[in-house]
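S.K.: Here my numbering is used: the first residue of the sequence shown is 110, the next is one more, and so on. Sharing a structure below in structure tokens format, with a few things to ask.
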Amino acid sequence: MLFTETFSEFYSKVKLSLEDGTFAKLTLAKTIGNTDLMNIYVRPILDENRLKLELKFKFQREELFEIHTIDSAFPRLLEFINNPFLSAILFTTEFDLTYKLNKKRAVSVIEQFPSFTHASPVILEYLESKN
């Protein structure tokens with residue numbers, strides 16, 4: 110089953126939080142069964158004064174990193190929705206947004222109070238440099 114449309118809607122909120130300076134972090138979690146890949150952590154970085162995303166793949170015994178543009182990170186993350194991850198959590202300073210698949214693979218998106226009071230320092234630095 111493809112989750113392109115629902116995850117695309119969720120990812121649009123990720124992009125908006127990057128643009129408006131409220132992004133704190135993004136995490137893919139809750140795996141199906143016992144997998145070697147445990148989490149994917151996404152954080153913004155500046156690469157030659159361009160805002161990009163660093164994807165940190167947390168395995169049981171190692172960590173791997175990839176750098177992507179904001180747009181190219183979407184298909185890379187989409188590969189892991191439902192295989193092996195059942196949830197993605199966007200943390201912003203305005204809300205936490207959880208994209209979740211249940212056992213029947215029905216999608217729900219839940220907004221909760223924010224866990225973070227400060228946006229990523231990289232986002233703030235990037236937005237300040239644009240002004």
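All residues carry an ideal CB built from backbone N, CA and C; glycine is no exception. Just so we're clear, the structure is a prediction, and the values are computed from it rather than from any experiment.
Please say whether V216 and F132 have beta carbons closer to each other than 8 Å?
M.R.: Here residue 132 refers to the residue found at position 23 of the sequence shown. Here residue 216 refers to the residue found at position 107 of the sequence shown. Contact flag unset, no.
S.K.: Give me the Cα-Cα distance between V231 and N240, rounded to the nearest whole angstrom.
M.R.: To locate residue 231, count along the sequence shown from 1; it is residue 122. To locate residue 240, count along the sequence shown from 1; it is residue 131. Each residue's alpha carbon lies about 15 Å from the other.
S.K.: Which same chain residues, not among the five before or five after A197, have their C-beta less than 6 Å away from its C-beta?
M.R.: Within the sequence shown, the letter at position 88 stands for residue 197. Excluding sequence neighbours, A197 sits near L137 and Y208.
S.K.: Which same chain residues end up closer than 7 Å to A228 when comparing Cβ atoms and leaving out the 5 residues on each side of it in sequence?
M.R.: In the sequence shown, counting from the first residue as 1, residue 228 sits at position 119. Cβ neighbours of A228 beyond the five flanking positions: G130, T131, F132, A133 and T202.
S.K.: What distance in whole Å lies between the Cβ atoms of M147 and F174, which are believed to be in contact at a cut-off of 8 Å?
M.R.: Taking the sequence shown and counting its residues from 1, one reaches residue 174 at position 65. Taking the sequence shown and counting its residues from 1, one reaches residue 147 at position 38. The pair is not a contact, with the Cβ atoms about 15 Å apart (cut-off 8 Å).
S.K.: Return helix, strand or coil for D180, following the three-state DSSP convention.
M.R.: To locate residue 180, count along the sequence shown from 1; it is residue 71. D180: helix per DSSP, three-state reduction.
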